[in-house]
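Engineer: Quick mapping for you: the protein sequence lines, in order, are chains A and B. Its first residue numbered 1, the first sequence is counted upward by one per residue in this note's numbering. Its first residue numbered 365, the second sequence is counted upward by one per residue in this note's numbering.
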Amino acid sequence: MQGKNKISNRQIKALLVTTIVGVGVLSLPSDVAIVLNNGGWIGILLGGLISIPFIMVINKLFSIDPGKSFFQISYQVVGRAVTKVFLFIIFSYFIMVLAYTVRLFSEVIKTYLLENTPTEVIILTMLLATAYIARSKIEVLARFAVMIYPIIVGFVIFLLVVNLPNNDFTNILPLFDIDYKLIPRAVYASFFSYAGYEILLFAQHISEDESRSLKYSVGSMFMVIGIYLVIFFITLSRNGIHQLKREIWPTIAVIKEIDLPGYFLENLDGVVMAVWVLVVYATVGPFFYACGVTIAEIFGFNSHKLFIPFLIPLIYIIALIPDNLVTVNEILGSIGNYLNVAAVVIVPIIILIAAYVRKGREKV
Amino acid sequence: MKRCLLFILLISLLFLSGCWDKVEIDQRIFVSSIGVDANEDGHMNKFNIIYEYPNINAIGKGATEDEKIFILETPASSIFQAARELSTRVPFPFYFKHVKVLVLGHEVLHDEKAFREIIDELNRDTKINKRLQILVAEGKARDIIDVNVIREQTTDRDLYSMVQDDRSSSRYTFQTLAGLISDFDFSGVTITPRVIIKNDRYIVSGGCLLKNYKHLAWIDEKENRAISAINGDIINETIDAIYDDNLISYTVTNIKSRKKVQVDDQIDVHIFVRLEGYLQGYIMGAEKPAYDSQVLKEMEKAIEKSVKREIERTIKKLQKEYNADVIGVGEHISKFQPKKWRELKDKWDELFPDINIQVSVDVKIRRTGLTR
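(1) Please go through the same chain and pick out, in chain order, the residues whose beta-carbon is closer than 6 Å to the beta-carbon of B/TYR607, but skip the five residues on each side of it.
(2) Applying the 10 Å Cβ sphere with the 16-neighbour rule, what's the burial state of A/ALA274?
(3) Between the segment 709-731 of chain B and chain A, which residues of the former have CB atoms less than 8 Å from a CB of the latter, in chain order?
(4) Look at B/LEU643 and B/GLY733 and say whether their C-beta atoms are less than 8 Å apart.
(5) Based on the DSSP secondary-structure assignment, which residues constitute the bridge partners of B/LYS624?
(6) When we look at the beta-carbon of B/LYS386 and count the other beta-carbons within 10 Å, is it buried (16 or more) or exposed?
(7) Helix, strand or coil for A/GLN2? Go by DSSP, reduced to three states.
(8) Just to confirm the assignment: which complete alpha helix (DSSP H) runs, minimum length 4, are found wholly within the segment 412-476 of chain B?
(9) So, under 8 Å CB-CB, B/ALA501 and B/ILE414 are touching, yes? Tell me the CB distance rounded to an integer number of Å.
(10) With a CB to CB cut of under 7 Å and the five nearest residues on each side skipped, what residues in its chain are close to B/GLU431?
(11) Does the beta carbon of A/ASN329 come closer than 8 Å to any beta carbon on chain B?
(12) B/LEU734 by DSSP, collapsed to three states: which one?
(13) Please look up how many angstroms separate the CB atoms of B/ILE508 and B/TYR566, rounded, as I've assumed it's under 8 Å.
(14) Could you compute how far the alpha carbon of B/GLN722 sits from the alpha carbon of B/ASP547?
(15) Check whether the Cβ atoms of B/ILE612 and B/ALA605 lie closer than 8 Å to each other.
(16) Expressed to the nearest angstrom, what Euclidean distance is found between the alpha-carbon atoms of A/VAL280 and A/GLY22?
(17) Measuring only the C-alpha atoms, how far is A/LEU36 from A/SER334?
(18) Roughly how many angstroms separate the alpha carbons of B/ARG495 and A/VAL153, rounded to a whole number?
(19) Alpha carbon to alpha carbon, how far is B/LYS711 from A/PHE158? Give it in angstroms, no decimals.
(20) In whole angstroms, what separates the C-alpha of A/ALA145 from that of A/MET56?
(21) Leaving aside the five residues before and after B/TRP582 along the sequence, list all residues of the same chain whose C-beta is less than 8 Å from its C-beta, in chain order.
(22) Please confirm whether A/TYR112 has its beta-carbon closer than 8 Å to some beta-carbon of chain B.
(23) Just curious, the beta strand (DSSP E) that B/CYS572 is in, first and last residue?
(24) Counting only beta-carbon separations shorter than 8 Å, does A/LEU325 have a partner in chain B?
(25) To the nearest angstrom, report how far apart A/ASN167 and A/HIS242 are at their CA atoms.
(26) Within 10 Å of its beta-carbon, does B/ARG731 have 16 or more other beta-carbons around it, so buried, or fewer, so exposed?
(27) Counting along the chain, where does the alpha helix (DSSP H) carrying A/SER190 start and finish?
(28) Compare the C-beta of B/LYS624 with all C-beta atoms of chain A and state if any pair is closer than 8 Å.
(29) Run down chain A in chain order and give the residues with a C-beta less than 9 Å from the C-beta of B/ALA542.
(30) Note down the Cα distance separating B/ASN595 from B/ILE433, rounded to an integer number of angstroms.
(31) Using the DSSP secondary-structure output, state which residues sit across from B/ASP401 in a beta bridge.
(32) Sort out for me which residues DSSP pairs A/ILE109 with in a bridge.
(33) Using a Cβ cut-off of 8 Å (strictly closer), state whether B/ILE389 contacts chain A.
(34) Could you check whether the Cβ of B/PRO455 sits closer than 8 Å to any Cβ belonging to chain A?
(35) Which residues in chain B have a C-beta closer than 7 Å to the C-beta of A/ASN163? List them in chain order.
(36) Are the CB atoms of A/LEU339 and A/TYR93 within a distance shorter than 8 Å?
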């Protein structure tokens, strides 16, 4: 296995799922329920389906010149200067997502587990720990993702099984009482939870079988949609729509309420938080890696290892700018969302269009 | 150079290790039950909060102290404010993750705002388990908790094991914090078990009907049983009926209920209740032995009649007297006919007393016991 610079499509799938599922999974059910009430599932479904064309765009981008990295293709198509501008946008997006994720992570940990530990310490320890894995190559990240992947899937299955006996599934009804004008807002609310597939930009070109990786990428997207939908319906059926809208992190609230017959399991939130730390680690790691690679490319370095430690203070400072949880979502969340659209949607599309225009010209 | 580095690393151990949140398990007070009473004299401190917690030193084999439980009481403005007030009297901080029972004095429930404050506080707190059992004391919560001290029982162990599964009786319906909140969300009405004191013992009996975070009425055991039957959550209950001048008792082992709601100009509700069970008692030397399908059919009819009468009487009371939709008709419409519910929602309180409710009861005697 050593010295192999390729990753398998399975690893890509695991990498995508673990990167996408992160802090969003705790708050997503109530985010969409606030907009669409019981019809929130349609927001989750459409938010995921809308992301699939962008995966296809990224995939198409690599098919321009198979085997070449995203940077090389971009240099070829739009030139060095424009690429650097694009890279800067992508870089700032990654910084924003990282800051948002670690801040939310520390808020959740502080609320449920470590009340007296300062936010700064939680953020810093998380960043230092992820910096370690972010300094390695993408193959290592992919292998790590394969380890985390069963934990995520197992966690969702566990959640489903322990909640089946006690949940009142009529709470899901009415399923189709949806105000269609509000769907775009619900999709917007869920879209950021699907951020993370842009890791493909840094992973796909070293895939073993690039022609078939699209199938796996789209498959992983459906996997994530499935995970989110299961969690939405569990949280909804637990206590009904009103309480779901009231809660900030309904997923943990459901875990706290687990009450199995024989009740030897209670207050499982501590255990689940420990699992969740791994999940967030698997989200922050790839983002951190991608962030380092982007900045290294901007400055024309070959290795990103050098940059990772210098990014820690930057992310740390941005993460600490908002005063409280509400402003975390207002400031970091919304800026992250705009940058997400710019970096993941607009940039690849521009490059792809430019590639086609150029090709057309060459033919003429 | 290497030695210097090692030295720095070793020294750093002293400063880098540490934990802000470390608390030894015996340095915590595990509050197990909370009681809330109204406090009329207090200006800001409108509640009388009672904490009950076990004495860790009196548990287990090597117990060093005798007193099993401690009770602390203080006027306070909220449940958690009481912890601050009491902190001057106890050596360790309170810990609320294992609170099992909340006993509310019924006076608290007459003040809607106060009750809403309590529930919000508990719902918002990160430590409180949402499966916390809620009971309403007819009288003061303090007395309920005190009764246990005399008998050396702990409220949480006794009351909690009584209500947690609702397994022993359908004479009361257990209610958790989460269940209470979602009931109020859906229909604005809910029932919590009532605790009363009789002969220095508490009894959980009947329920307290709450509407929009306010006390509405007490309901007795029979009414509670009827409401449980409508909602389909009777687990173990014996029903008496008169058959052929003899008293027969019938034990319910399984119940299923469903509703059919038709909304036109008039709202028609049809409630189907299906009981399954066995014959518990009849009479020696009966003229008509029970081991006969014809006799069993007639017995079923007799039980059906008695159950139906009980349910109908309760429904009438709920409609005309209390105007409390605790049988979930509104919830049913909101789930299955959401469009119509939007029109009805705002005037449901005026509509509910006049809706047409029909009850069908289907009783099945599956077994007759050991004798014919």
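Glycine residues also receive a C-beta, built at the ideal position from the N, C-alpha and C atoms.
Structural biologist: Answer, in terms of the structure:
(1) Excluding sequence neighbours, B/TYR607 sits near MET663, ALA666.
(2) exposed
(3) none
(4) yes
(5) B/HIS634
(6) exposed
(7) With a pLDDT of only 47 at A/GLN2, under the threshold of 50, the placement of this residue in the model should not be trusted, and no figure is reported.
(8) 443-450
(9) No, B/ALA501 and B/ILE414 are not in contact; Cβ-Cβ is about 11 Å, not under 8 Å.
(10) ASN419, ALA422
(11) no
(12) coil
(13) Indeed, because the Cβ distance is near 5 Å, the residues count as touching under 8 Å.
(14) 23 Å
(15) yes
(16) The straight-line gap from Cα to Cα measures roughly 5 Å.
(17) About 19 Å.
(18) Going by the C-alpha atoms only, they are around 27 Å apart.
(19) 42 Å
(20) 22 Å
(21) GLU502, ARG558, GLY570, GLY571, CYS572, LEU573
(22) Chain B, which has a Cβ nearer than 8 Å to the Cβ of A/TYR112, makes this yes.
(23) 565-575
(24) no
(25) 15 Å
(26) Counting of Cβ neighbours within 10 angstroms places B/ARG731 among the exposed residues, the total staying below 16.
(27) 183-191
(28) Interface criterion not met: the Cβ of B/LYS624 is under 8 Å from no Cβ in chain A.
(29) What B/ALA542 touches in chain A: ARG238, ASN239, GLN243, ALA253, GLU257.
(30) 38 Å
(31) B/ASN412
(32) According to DSSP, A/ILE109 bridges with nothing at all.
(33) no
(34) Not an interface residue.
(35) Against A/ASN163, chain B offers no close residue; the least beta-carbon distance is about 13 Å (beta-carbon pairs closer than 7 Å).
(36) yes
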